[in-house]
Amino acid sequence: MTATLDFALPDALSAHEPPEARGLARDGVRLLVSRGDDEPAHHRFTDLPSLLAPGDLVVVNNSATLPAAVRLDRLAVHFSTAREDGTWLVELRRRTRAASEPYAGGEPGEWLPLPGGATLRLLGRETPRLWRARLDRDVEAYLREHGMPIRYSYVAEDWPIDAYQTVFATVPGSAEMPSAGRPFSAEVVTALVARGVRIAPVTLHTGVASPEKDEPPYAERYEVPAPTARLVNLTRRDGGRVVAAGTTVVRALETAVDAGGRVTESAGWTSRVVTPDDGVRVVTGLLTGLHEPRSSHLMMLSAVAGRTALARAYEAALREGYLWHEFGDSHLLLAG
43 MTATLDFALP
53 DALSAHEPPE
63 ARGLARDGVR
73 LLVSRGDDEP
83 AHHRFTDLPS
93 LLAPGDLVVV
103 NNSATLPAAV
113 RLDRLAVHFS
123 TAREDGTWLV
133 ELRRRTRAAS
143 EPYAGGEPGE
153 WLPLPGGATL
163 RLLGRETPRL
173 WRARLDRDVE
183 AYLREHGMPI
193 RYSYVAEDWP
203 IDAYQTVFAT
213 VPGSAEMPSA
223 GRPFSAEVVT
233 ALVARGVRIA
243 PVTLHTGVAS
253 PEKDEPPYAE
263 RYEVPAPTAR
273 LVNLTRRDGG
283 RVVAAGTTVV
293 RALETAVDAG
303 GRVTESAGWT
313 SRVVTPDDGV
323 RVVTGLLTGL
333 HEPRSSHLMM
343 LSAVAGRTAL
353 ARAYEAALRE
363 GYLWHEFGDS
373 HLLLAG
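Each residue of the sequence shown is one higher than the one before, starting from 43 at the first, in the numbering used here.
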């Protein structure tokens with residue numbers, strides 16, 4: 043593994059189905075723990091309450107996953123991000139036997155007939171991969187009737203939308219599951235609260251993250267409510283850890299920091315990309331999955347834990363057979 047975490051990920055280490063299909067409970071996945079210069083430790087997700095301390099705060103993403111993929115005969119449309127003018131960012135993908143792959147076609151002004159008599163008009167490219175487009179009806183209502191959860195080729199078959207929701211999901215809007223929150227169960231949440239660990243929500247609606255592209259995230263909608271901002275600031279004042287459950291939470295919190303280093307109530311769009319160069323100002327712990335080689339998320343993990351600790355953790359995860367992707371295992375990184 044290089045210093046940039048460009049490593050080979052064997053197919054056997056991709057989680058091909060939800061843990062429940064592997065005979066595990068939702069909270070039964072493995073949990074790799076990285077803490078400063080310590081050797082990585084191996085746990086189950088159910089151990090999380092014992093790994094945190096009274097007075098710590100876990101901040102979660104309450105965004106719910108949309109069935110954001112619409113399939114045509116030869117193409118699939120992945121609805122990514124709602125814009126304020128009623129348009130959406132969408133990705134066009136060519137359907138394959140396994141799932142789908144990037145599709146480079148399409149022309150500005152082109153109309154695509156969708157199931158149920160709907161029509162999608164391509165307006166123009168927003169990025170090399172994403173189109174700005176307009177559907178001739180309400181998108182979320184249409185997706186509830188005609189959409190499927192976005193699935194990539196490492197997941198062998200379709201799973202219902204419930205498999206892509208976390209226990210915190212209350213605000214629909216994500217194209218792909220905020221997967222760091224998936225292993226939480228009611229029992230783990232209860233045990234955290236009983237230990238004196240507080241839990242607070244933010245909202246960040248995730249867009250599509252095509253696994254074939256190593257590109258930074260684009261602007262996404264977020265909200266940090268006033269009660270959560272207040273809890274973050276109180277936790278930091280009292281010496282507790284602020285543990286973000288997911289890279290989406292880090293992005294939202296680090297966007298909401300003011301010039302004095304305090305988190306404020308905030309909402310809108312964030313293009314924040316957290317890197318080791320600018321570091322983190324609020325988050326002192328991160329609960330996340332295992333990320334693909336060269337992913338921009340790895341820069342964020344390095345900002346929280348340090349490059350050496352992160353490289354050591356990923357070497358251990360590869361050696362010990364941890365599972366990657368949204369249905370895989372978890373990784374808790376704590377600042378040293």
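Built from N, CA and C at the ideal position, the CB exists for glycine as well.
Just so we're clear, the structure is a prediction, and the values are computed from it rather than from any experiment.
Beta carbon of residue i nearer than 8 Å to that of residue j
{"i": "residue 343", "j": "residue 330", "result": "yes"}
{"i": "residue 288", "j": "residue 223", "result": "yes"}
{"i": "residue 31", "j": "residue 268", "result": "In the structure as shown, the chain starts at 43 and stops at 378, and residue 31 therefore has no counterpart that could be examined."}
{"i": "residue 108", "j": "residue 172", "result": "no"}
{"i": "residue 185", "j": "residue 110", "result": "yes"}
Cα-Cα separation between residue i and residue j, rounded to whole angstroms
{"i": "residue 188", "j": "residue 145", "result": "21 Å"}
{"i": "residue 51", "j": "residue 58", "result": "14 Å"}
{"i": "residue 157", "j": "residue 201", "result": "20 Å"}
{"i": "residue 234", "j": "residue 100", "result": "9 Å"}
{"i": "residue 206", "j": "residue 143", "result": "21 Å"}
{"i": "residue 22", "j": "residue 175", "result": "No answer is possible for residue 22: it lies beyond the span of the chain, which begins at 43 and ends at 378."}
{"i": "residue 208", "j": "residue 149", "result": "37 Å"}
{"i": "residue 218", "j": "residue 250", "result": "6 Å"}
{"i": "residue 168", "j": "residue 346", "result": "31 Å"}
{"i": "residue 350", "j": "residue 327", "result": "16 Å"}
{"i": "residue 248", "j": "residue 192", "result": "12 Å"}
{"i": "residue 285", "j": "residue 98", "result": "8 Å"}
{"i": "residue 127", "j": "residue 309", "result": "17 Å"}
{"i": "residue 313", "j": "residue 260", "result": "6 Å"}
Helix, strand or coil at residue i according to DSSP, with G and I counted as helix
{"i": "residue 190", "result": "strand"}
{"i": "residue 322", "result": "coil"}
{"i": "residue 90", "result": "helix"}
{"i": "residue 373", "result": "strand"}
{"i": "residue 367", "result": "coil"}
{"i": "residue 221", "result": "helix"}
{"i": "residue 382", "result": "Given that the chain is displayed from residue 43 to residue 378, the structure contains no residue 382 and the question cannot be resolved."}
{"i": "residue 304", "result": "coil"}
{"i": "residue 81", "result": "coil"}
{"i": "residue 358", "result": "helix"}
{"i": "residue 315", "result": "coil"}
{"i": "residue 123", "result": "strand"}
{"i": "residue 212", "result": "coil"}
Pick from the options that is closest to residue i, judged by C-alpha positions
{"i": "residue 302", "options": "285, 311 and 275", "result": "275"}
{"i": "residue 282", "options": "238, 350 and 79", "result": "238"}
{"i": "residue 374", "options": "116, 88 and 251", "result": "88"}
{"i": "residue 377", "options": "361, 141 and 352", "result": "352"}
{"i": "residue 324", "options": "265, 314 and 304", "result": "304"}
{"i": "residue 49", "options": "345, 372, 337 and 350", "result": "337"}
{"i": "residue 220", "options": "194, 211 and 98", "result": "211"}
Rounded Cβ spacing between residue i and residue j (contact assumed at less than 8 Å)
{"i": "residue 358", "j": "residue 82", "result": "4 Å"}
{"i": "residue 196", "j": "residue 367", "result": "6 Å"}
{"i": "residue 246", "j": "residue 290", "result": "4 Å"}
{"i": "residue 139", "j": "residue 117", "result": "Actually they are not in contact, since the Cβ atoms of residue 139 and residue 117 sit about 15 Å apart, beyond 8 Å."}
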